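Residue numbers (my numbering), protein chains in the order written: chain A, 65 to 636; chain B, 578 to 900. Working notes for the structure below.
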Amino acid sequence: MAGREAGPASSATYRPEGLVDDPYGGPTTAEQPTLPRLGARGTLRWVWRQLTSMRVALMLLMLLAVVAVPGSVLPQRPQDPAGVARYIAESPTLGTWLDRLGFFDVYASAWFSAVYLLLFVSLVGCILPRLRVHVRALRARPPRTPRRLDRFPVHDELVTTATPAEVAAAVRRTLVGPVRALPRFRTHAGTEPSGALTVAAERGYLRESGNILFHLALVGILVSVATGQLLHHRGQVILVEGRTFANTVTDYDTFEAGTAFDASSLTPFTLTLDEFTAEFTADADAKPRDFAADVTVAEPGREPRDATIKVNHPLSVDGSKIYLQGNGYAPDVVVRDAAGEIAFAGAVPFLPEDPQYRSRGVIKVPDVSTGEQIGIVGYLLPTALVTADGARSVYPQPDNPLLVLTVWSGDLGLDEGVPQNVYELDTARMTQAVEDDGTATTFFVEAGQTVELPDGLGSLTWDGLPRFVALDLRHDPALTWILVFAVAALVGLAISLFTPRRRLWVRVGVAPAGAHGAPGDDAPGDGDTARARTVVAGAALARGDDMGLDGELARVMDAIRALDGRRDDEPG
Amino acid sequence: MSLGELSTILVWGATTAYAVALVAFATDLARLADHAAASARQRGAELASTAGGSTAVLERTDAAVAPERRRAVGIAMSTATLGLLLHVVGTVLRGLAAGRVPWANMYEFTLVGTLVAVATFLALCRWRDLRFLGTIVLGLSVLALGLALAAFYVPADAVEPALQSYWLVIHVSIATIATGLFTVSFALSSLQLLKDSWEQASPRLHHPRWQVLGSLPSTRDLEAISFRINAVGFVLWTFTVMAGAIWAEHAWGRYWGWDPKEVWSFVVWVVYAAYLHARTTRGWSGRRAAWFVLVGYATVLFNFTGVNLLLNGKHSYDGIPEG
């Protein structure tokens, strides 16, 4: 995806691959050769070239940003199926068309997938040739020393009394740095036909390495995510205090898995919810402050252990994580039918609908010994406030719990084998108990109370108010790999953006003995003409804007100057 | 007076100081423009007298000399520094009042985001003379802080369980710092575009006051500095998205769920990635690449405001009670 201008750079016109040194430089002359007919293979090759070109990658990136947006504006089926249904109900024509075109599941739609898959093909098609070029560059020696070093914007010259061989050695020593195994610069010493010694050096190979690492890591992330989709499984369960569930597909309320998931791979551990505690601020807003589920986990062949699941602190069991996703109340009720037989007994989860935990629930009583089946619908108010306007909850803790219920009788529709939502009552073949004026009969139940159901249907006893938690178990074996590739991408990106790429050349020649007026302030005094002078020229070149380039060359030149000083110190 | 109230007063103080600095920066720019226009007129007159009646044209040159004394900019820099001090203390007190890091709702995101923008700007000024950026950076900061105080403000308080995580410290702080950096690079790229248009004699920038653009660094330098800041911002943003995914995996049980905030963070990332690629593509570097920075910053702003306030998602941590 990065620049395709890669290629062996000639020494004189060095341009690191992909670099536009001067964005305000003149336009390059576009070549317009007359093209022969392409043919099928030629066309394919042309398409491939286009696809892997930087320009098309850029277009695809822009397109990717655009096609991602609708998913944030329209309701999406995986996250909000109810919102989608509402949207289609409100504007049927537009909604149906949007649905057909995949706008309600953008990130699985053909067009969104097409864009990112093309982008990844483009990325691979671009990065693999660059990888080849880079591997070759890693083995190649730094580019030859250009003929004229004074043409470079960053260049310097000096004259020293050290011998050319000493100078060349000092230059290499400085460039390589203290650790020979990890040289700062790669260097190459040469001798020109004129007898001048040269040192060519290059650093910043990591820049391209980082770039390639980043792009390959992105491919790694994509492959890991896809693998995770195949192998993952996920189950949700609502668990009431005191109850236990087993990690088997049938024990979950909902369960979904990738196509490569094997149900027998589930470890049959059990998990019991011992207690759930919730804390809220004491003011009327009742903002949640802490949720904690104390559980006991029993894995086969191991001692049961206690654990706490909190938001942000999932529990790890056997390579899976169990998350606390929700909580609420599950009134423990006993329903007796008209004959006084116990027709239903148990805790029924009521789902909270507002911050004060006004919760809605349905008690289905199919197993009556006599008469019609019973359906009880209504609200739980943890801290009830009953006024003339109605009843509402004013605080989420169970300070004054109240059940507000209405009753239906008839056929619950459970016997047809069609799966039903446990939180909804199918009232198609049921009739509601009503007052004389036709309004639904509403009755209040306080904790511990028993009330008679209207129309002689039976009675309901409210025994207790345990809490429930909504747990979410997830297993995705690819998570580790996604993390590894993400970290690799981040490291590669930082390296590629912040590693300076520099080339540096030094030419060491010998000025004719006795010659005067050699450049440089460091020339020894005139009385020293008998000794040959060594003329050193250096230049440095960087990729892009590089603040440290002058300093890099100065360090080398200073190291050469230091040779002079050392010589002066030597006893004559 | 509680710590939280003291913090709010200090933030008001900082906003006022920034507003004063903004006026001073603008005055300085106006002075520079007057001076540039005057010297251009003078040169034009010289040109007219030598060329004998040819129409005097405003010369577009980088050599518009700055006036010798720029008192306004001195006042601007010291007021901005004072504002930054108040801003830092106000932010720290806010954190102390809430008993946590001070970036957990929109008011606080804005507080820290503008803090980073102003601090980055003042730090850059020590490195190069970028004081001309003051008008844009402080203008945006005053606007954002005013909006935060007027519309986003919520009293300092502890946070809900979903936010009780050390990732709040890491993920949100880095996101906010990245936003501050993107603000500065946005200012630079805007000026780069303006100056480029001016150099190409755009008729809309014909007025002598635009001569001030001549005293700015070259478009090439503006581009280079903008890129350096964007490069840091992009790496930090990449980290933000990844840290966010890790946190989402901890808190919500999935690392990526196309929540509106995730979608827009992704869009921001892709736009800045496109910018980095445009920079190295022939025919797209320079002006076109700079436009990416503008579009990118627009997505950053939308991700921060629009997603929190307009779209319904798991990231609705503005803390503003629903009407």
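We put the beta carbon where it would ideally sit given N, CA and C, even for glycine. Since the structure is predicted, the reported quantities are computational estimates derived from the model, not experimental observations.
Cβ of residue i within 7 Å of any chain A Cβ
{"i": "Ala739 of chain B", "result": "yes"}
{"i": "Phe843 of chain B", "result": "yes"}
{"i": "Thr858 of chain B", "result": "yes"}
{"i": "Ser803 of chain B", "result": "no"}
{"i": "Ala808 of chain B", "result": "yes"}
{"i": "Ser766 of chain B", "result": "no"}
Option in the options with minimal Cα separation from residue i
{"i": "Val884 of chain B", "options": "B:Arg781, B:Val845, B:Leu699", "result": "B:Val845"}
{"i": "Ser792 of chain B", "options": "B:Leu699, B:His664, B:Phe709, B:Leu886", "result": "B:Phe709"}
{"i": "Thr687 of chain B", "options": "B:Thr753, B:Val665, B:Gly716, B:Leu740", "result": "B:Thr753"}
{"i": "Asn391 of chain A", "options": "A:Asp220, A:Gly241, A:Val304", "result": "A:Val304"}
{"i": "Glu339 of chain A", "options": "A:Phe309, A:Thr372, A:Gly365", "result": "A:Thr372"}
{"i": "Arg607 of chain A", "options": "A:Thr563, A:Gly615, A:Val620, A:Gly573", "result": "A:Thr563"}
{"i": "Pro193 of chain A", "options": "A:Arg565, A:Thr116, A:Glu343", "result": "A:Thr116"}
{"i": "Gly723 of chain B", "options": "B:Trp841, B:Thr593, B:Ser795", "result": "B:Thr593"}
{"i": "Ala739 of chain B", "options": "B:Trp824, B:Gly863, B:Tyr595, B:Ser842", "result": "B:Trp824"}
Beta-bridge partners of residue i, as assigned by DSSP
{"i": "Gln777 of chain B", "result": "Looking at the DSSP assignment, Gln777 of chain B forms no beta bridge with any residue, so it has no partner."}
{"i": "Ile302 of chain A", "result": "A:Ala534"}
{"i": "Ile54 of chain A", "result": "Because chain A is modelled from 65 through 636, residue 54 of chain A falls outside the range shown and cannot be assessed."}
{"i": "Leu611 of chain A", "result": "The amino acid occupying residue 611 of chain A in the given sequence is Met; Leu does not appear at that position. Met611 of chain A is not bridged to any residue."}
{"i": "Tyr443 of chain A", "result": "A:Arg424, A:Val468"}
{"i": "Pro352 of chain A", "result": "A:Phe344"}
Chain A residues whose Cβ lies nearer than 7 Å to that of residue i
{"i": "Met819 of chain B", "result": "Ala550, Leu554"}
{"i": "Trp861 of chain B", "result": "Leu122"}
{"i": "Ser750 of chain B", "result": "Result: empty, since nearest Cβ-Cβ is about 17 Å, beyond 7 Å."}
{"i": "Gly834 of chain B", "result": "Gln143"}
Residue i beta carbon near the ligand HEM (any heavy atom closer than 6 Å)
{"i": "Gly556 of chain A", "result": "Absence of the ligand HEM is noted for the structure shown, with no ligands found whatsoever."}
Neighbour list for residue i in chain B, Cβ cutoff strictly below 8 Å
{"i": "Pro378 of chain A", "result": "His827, Gly830"}
Under the three-state DSSP convention, the category residue i falls into
{"i": "Val884 of chain B", "result": "helix"}
{"i": "His279 of chain A", "result": "helix"}
{"i": "His252 of chain A", "result": "strand"}
{"i": "Pro134 of chain A", "result": "helix"}
{"i": "Asp527 of chain A", "result": "strand"}
{"i": "Glu499 of chain A", "result": "coil"}
{"i": "Leu871 of chain B", "result": "helix"}
{"i": "His784 of chain B", "result": "coil"}
{"i": "Leu557 of chain A", "result": "helix"}
{"i": "Pro732 of chain B", "result": "coil"}
{"i": "Lys385 of chain A", "result": "strand"}
{"i": "Tyr849 of chain B", "result": "helix"}
{"i": "Arg625 of chain A", "result": "helix"}
{"i": "Glu826 of chain B", "result": "helix"}
{"i": "Asn807 of chain B", "result": "helix"}
{"i": "Ser762 of chain B", "result": "helix"}
{"i": "Trp680 of chain B", "result": "coil"}
{"i": "Tyr832 of chain B", "result": "coil"}
{"i": "Pro738 of chain B", "result": "helix"}
{"i": "Tyr487 of chain A", "result": "coil"}
{"i": "Asp401 of chain A", "result": "coil"}
{"i": "Asp798 of chain B", "result": "helix"}
Under 8 Å from the C-beta of residue i: neighbouring residues of chain A
{"i": "Leu888 of chain B", "result": "Ser136, Val137"}
{"i": "Val840 of chain B", "result": "Ala132, Val133, Gly135, Ser136"}
Any C-beta of chain B under 7 Å from that of residue i
{"i": "Ala511 of chain A", "result": "no"}
{"i": "Val197 of chain A", "result": "no"}
{"i": "Leu638 of chain A", "result": "A question about residue 638 of chain A goes unanswered here, because the residues of chain A that appear run from 65 up to 636."}
{"i": "Ala452 of chain A", "result": "no"}
{"i": "Asp536 of chain A", "result": "yes"}
{"i": "Ala260 of chain A", "result": "no"}
{"i": "Leu192 of chain A", "result": "no"}
{"i": "Val375 of chain A", "result": "yes"}
{"i": "Phe355 of chain A", "result": "yes"}
{"i": "Tyr387 of chain A", "result": "yes"}
{"i": "Met118 of chain A", "result": "yes"}
Proximal chain B residues relative to residue i, where beta-carbon distance stays under 7 Å
{"i": "Leu125 of chain A", "result": "Val847, Ala850, Ala851, His854"}
{"i": "Leu557 of chain A", "result": "Val812, Thr815"}
Chain A contact residues for residue i, given Cβ-Cβ distances below 9 Å
{"i": "Trp775 of chain B", "result": "Correct list: empty, because the minimum Cβ distance to chain A is about 14 Å."}
{"i": "Pro837 of chain B", "result": "Gly135, Ser136, Val137"}
9 Å Cβ cut-off: residues of chain B touching residue i
{"i": "Pro352 of chain A", "result": "Glu737, Pro738, Ala739"}
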